[in-house]
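Contents: one structure, followed by commentary.
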Amino acid sequence: HLVNVAPEAPLPACSVPEGKLLRTFDASPQPTSSLSSSRDGTVLALSRPEGDTSELVDGASGRVRGELSRGNGAAVSPDGRWLANWIPFSTTVSLQPVEGGAGRELAEEVDQILAAAFDSAGARLALIGKQRGSVEARTTQTVVSMREVASGDVLWRATFPDEWLISAEFSP
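In the working numbering, the protein residues as written are 129 to 300.
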């Protein structure tokens, strides 16, 4: 499924193999800064550039399922079971089960969270953040970490001095 966000327009959801429009729904108020979808399109997460909440949306009906307490950025796991959301100038990502229950805060040693992405199984979460280096030299580095969703444990972490990585995606 392909979901597109266009300013001041209904959200269209299309079936990519058939190339046909499946549905549209109103995502007011505009604008939307972040959109993430489960693989089957049944769970959507919408974030807005203003405010500090994200909305979970039922992909079939377009109805809001709930509002989350954090987020200008959101990522839904491909299986639709998990939601990661964050405020960009924050150092933590909130990881929550979509159907409710106990979540956890994933603290990163960064100054700013930029992006998050789940692997195809929804078992791992990649986080990208920005970290200031030397104030005098005005250096920064991008930090990429891989977390296990079930435990929140860091599986892998790397730093990239003077690089701007702003997006993460897993290949199938």
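All C-beta atoms in this analysis are idealised placements derived from N, C-alpha and C, irrespective of residue type, glycine included.
{"Item": "DSSP state of W210 mapped onto helix, strand, coil", "Value": "strand"}
{"Item": "Residues that D186 bridges to, as DSSP identifies them", "Value": "V171"}
{"Item": "The stretch 286-295 contacting the stretch 221-234, beta-carbon criterion three pairs below 8 Å", "Value": "no"}
{"Item": "Bridge-paired residues (DSSP) for F246", "Value": "L253"}
{"Item": "Inter-residue spacing [alpha-carbon to alpha-carbon] between W260 and T170", "Value": "Inspection of the sequence shows that residue 260 is occupied by Arg rather than by Trp. So the alpha carbons of these two residues sit roughly 38 Å apart."}
{"Item": "Cα-Cα separation, E195 to R232", "Value": "17 Å"}
{"Item": "Three-state secondary structure assigned by DSSP to S166", "Value": "coil"}
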